[in-house]
Each structure stands twice: as structure tokens, then as C-alpha cells.
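Enquirer: One structure, pasted below without further comment.
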Amino acid sequence: MLTIYHNPRCSKSRQTLALIEEANSEVEIVEYLKNPPSIETLANILALLEVEPRAMMRTKEDEYKAQNLADKTISTDELLAAMAATPKLIERPIVVSGNKACIGRPPENVLVLL
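This note's numbering applies: residue 896 is where the sequence shown begins, and numbers increase by one.
Below you can see the structure in the form of C-alpha cells.
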């Protein structure tokens, strides 16, 4: 079973979901703006992605700049807390399958999980 952290207003998120559905994969859709993931869930996703926290953040959002999140002294825990408190900062879509995850930018990235 796949889990997609999805924003239905985002074209890349919709395209990624379409690829998953075309592969007839079972998928749980989490609209993360309505149901933000916890800090613990975000930490687990970060570990699966094997990236730095900012790689799973929308660094061009006004909220990112307003919260001064580009400051390199900000810890991983603080970045995760910022994403949990302001889910708009979470890059989209993120797809998780068991012990693997990927960011669907471009949407074809999800193919490694199918």
C-alpha cells in the first residue's frame, strides 16, 4: 500500500496520483493541508527520503521566508516542527511505500515505488 501526501490543487500532485492509479496500486490519500502530519511522521518520512530537511520543504513559500527557515543554524527538529505547524511548507507530493519514499517532482519519480 502506498501513501501519498497530496494537495489536490497541485498539478504535480494530481499527476503523481494518476500514475499510481494507472498502476492499479492501492493508495491511501492524505490531504496534508487538511490533516497535517505530526512531527514524528515527518521525521519518519525524512529518514525514508534520506535527504536534508529542506529538500522536503517548499523553500519559495512566503511562510518559509517569514519564518527565516533558510537560517543554517536552525535544527532538523525545528524545521520538522515548522512543517508540522505550517503544512504549506511541505513539498508535494510525497509518496511512501513501506520503507521507501520519494518526492513526486517530477511525477515519474514515483515509478520506483510501483
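Think of the CB as a built atom: it goes at the ideal place given N, C-alpha and C, for glycine as much as any other residue. Computed from a predicted structure; not experimentally measured.
Would residue 902 and residue 1000 be called neighbours here (beta carbons separated by less than 7 Å)?
Expert: No.
Enquirer: Given residue 983, which residues of its chain have a CB within under 8 Å of its CB, disregarding the five upstream and five downstream residues?
Expert: Excluding sequence neighbours, residue 983 sits near 928, 953, 956, 958.
Enquirer: One question on the structure: do residue 992 and residue 897 come within less than 7 Å of each other, judged by their Cβ atoms?
Expert: In this structure, residue 897 lies closer than 7 Å to residue 992 by Cβ.
Enquirer: Helix, strand or coil for residue 913, going by three-state DSSP, please let me know.
Expert: Correct three-state label for residue 913: helix.
Enquirer: Give the range of the beta strand (DSSP E) segment to which residue 996 is assigned.
Expert: Looking at the DSSP string, the run of the beta strand (DSSP E) that includes residue 996 is 995 to 998.
Enquirer: Given this structure, state the Cα-to-Cα distance separating residue 950 from residue 943, to the nearest angstrom.
Expert: Cα-Cα distance, rounded: 13 Å.
Enquirer: Distance check for residue 962 and residue 930, CA to CA, integer angstroms please.
Expert: C-alpha separation (whole angstroms): 21 Å.
Enquirer: Taking only the alpha-carbon atoms, compute the straight-line gap between residue 939 and residue 922 and give it to the nearest angstrom.
Expert: Each residue's Cα considered, the two are about 18 Å apart.
Enquirer: Can you tell which of 960, 941, 924 has the C-alpha that lies nearest to the C-alpha of residue 996?
Expert: Among 960, 941, 924, the Cα nearest to that of residue 996 is on 941.
Enquirer: CB-CB under 7 Å to residue 1002, same chain, minus the five flanking residues each way: which ones, in chain order?
Expert: Here the set comprises 907, 910, 911, 914.
Enquirer: Any idea if residue 1009 is buried or exposed, counting beta-carbon neighbours within 10 angstroms, 16 or more meaning buried?
Expert: Label assigned to residue 1009: exposed.
Enquirer: At 4 residues or longer, and completely inside the stretch 914 to 993: list those alpha helix (DSSP H) runs for me, N to C.
Expert: Counting only runs of 4 or more, we get 934 to 944, 957 to 961, 971 to 980.
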